[in-house]
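Trainee:
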Amino acid sequence: MSENLNGAGPDELLDLFRNTFRRHAGGVVVLTGADELGQPIGFTATSLASLSAVPARATFNVIKRTNGYRAIARGRRVAVNFLGAESADLGRRFAGPFEERFVGDHWSFDNGTPVLHDAAVTLFTEITDVYDQGENAIVVLEILGGRVGEEQDPLLYHNREFGTIRELAHTLV
Ligand SMILES: Cc1cc2nc3c(=O)[nH]c(=O)nc-3n(C[C@H](O)[C@H](O)[C@H](O)COP(=O)(O)O)c2cc1C
Numbered sequence: 811m812s813e814n815l816n817g818a819g820p821d822e823l824l825d826l827f828r829n830t831f832r833r834h835a836g837g838v839v840v841l842t843g844a845d846e847l848g849q850p851i852g853f854t855a856t857s858l859a860s861l862s863a864v865p866a867r868a869t870f871n872v873i874k875r876t877n878g879y880r881a882i883a884r885g886r887r888v889a890v891n892f893l894g895a896e897s898a899d900l901g902r903r904f905a906g907p908f909e910e911r912f913v914g915d916h917w918s919f920d921n922g923t924p925v926l927h928d929a930a931v932t933l934f935t936e937i938t939d940v941y942d943q944g945e946n947a948i949v950v951l952e953i954l955g956g957r958v959g960e961e962q963d964p965l966l967y968h969n970r971e972f973g974t975i976r977e978l979a980h981t982l983v
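For any residue, its number in our numbering is found by taking its place in the sequence shown, counting from 1, and adding 810.
1. For the structure I just gave you, are there three or more beta carbon pairs, one from the stretch 938 to 956 and one from the stretch 968 to 982, closer than 8 Å?
2. Could you check if residue 941 belongs to the surroundings of ligand 1, using beta carbon to heavy atom distance under 7 Å?
3. To the nearest angstrom, report how far apart residue 865 and residue 952 are at their CA atoms.
4. For residue 830, count the other beta carbons within 10 Å of its own beta carbon; 16 or more makes it buried, fewer makes it exposed. Which is it?
5. Tell me the start and end of each unbroken beta strand (DSSP E) in the stretch 849 to 914 that is at least 3 residues and wholly inside, in chain order.
6. Please find out if some non-hydrogen atom of ligand 1 comes closer than 7 Å to the beta-carbon of residue 882.
7. Rounded to whole angstroms, what's the CA-CA distance from residue 826 to residue 819? Just pull it up for me.
8. From residue 897 to residue 844, what distance separates their C-alpha atoms?
9. Take residue 893 and list the residues in its own chain whose beta-carbon comes closer than 7 Å to its own, dropping the five residues that flank it on each side.
10. Per DSSP, residue 975 is paired with what?
11. Are the beta-carbon atoms belonging to residue 852 and residue 912 less than 8 Å from one another?
12. Relative to the C-alpha of residue 879, which candidate in 922, 846, 822 has its C-alpha closest?
13. For residue 824, does the count of other Cβ atoms within 10 angstroms reach 16, so buried, or fall short, so exposed?
14. Within the present structure, is the beta-carbon of residue 932 separated from the nearest heavy atom of ligand 1 by less than 7 Å?
15. Any idea what DSSP makes of residue 829, helix, strand or coil?
Structure, rendered in structure tokens:
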């Protein structure tokens with residue numbers, strides 16, 4: 811990109827934002843929890859970031875108008891399921907139709923929190939803070955423990971596609 815968009819208008823800023831984050835490859839997790847009735851809730855996310863090692867904390871961002879937001883409140887448990895290269899189907903499923911996400915035997919409850927069986931790593935966390943940001947919220951997670959699965963290449967999301975670093979080479983823009 812050679813254009814200098816300093817002082818861009820709202821439409822240009824939206825284009826700039828989309829073009830930038832489309833090119834920003836991200837690791838993929840599925841965040842799972844339960845609603846107030848104990849029903850499983852889950853969604854695909856690339857906004858997970860490490861916050862601090864001591865105490866062990868991470869953050870993610872959530873869109874408030876989504877089903878996923880029903881699992882978000884201080885004190886609630888959330889599992890962070892890190893997807894490996896072979897789990898692109900799980901990444902798609904948990905960003906697809908809400909009613910279909912937990913149909914099948916790819917998950918089970920672990921102490922009341924749904925977990926995905928094929929995750930490369932699952933972290934068990936508790937929500938300590940939720941910071942309102944208009945239509946979105948920033949969520950802070952305290953990591954309580956975890957389970958490391960079979961070693962896998964990480965799954966990435968880049969330019970609207972899931973894949974490994976090698977598979978995504980053709981999406982470079
Ligand atoms: C690659 C990818 C990353 C996503 N990252 C986030 C995220 O970080 N936070 C979020 O709230 N939704 C994210 N979404 C959207 C959710 O997965 C989900 O589709 C959306 O929340 C609508 O879900 P709902 O049916 O639960 O309302 C992402 C979707 C995709 C495909």
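Idealized CB from N, CA, C, for every residue including glycine.
Mentor: Looking at the coordinates:
1. Here the stretch 938 to 956 makes no contact with the stretch 968 to 982; the two share fewer than three CB pairs at distances below 8 Å.
2. The closest heavy atom of ligand 1 lies 7 Å or more from the beta carbon of residue 941.
3. 8 Å
4. exposed
5. 850 to 855, 859 to 862, 867 to 873, 887 to 892
6. no
7. 10 Å
8. 22 Å
9. 838, 839, 840, 900, 901, 929, 930, 965
10. Residue 975 is not bridged to any residue.
11. yes
12. 846
13. Taking every protein chain shown into account, the CB of residue 824 has fewer than 16 other CB atoms within 10 angstroms, so this residue is exposed.
14. no
15. helix
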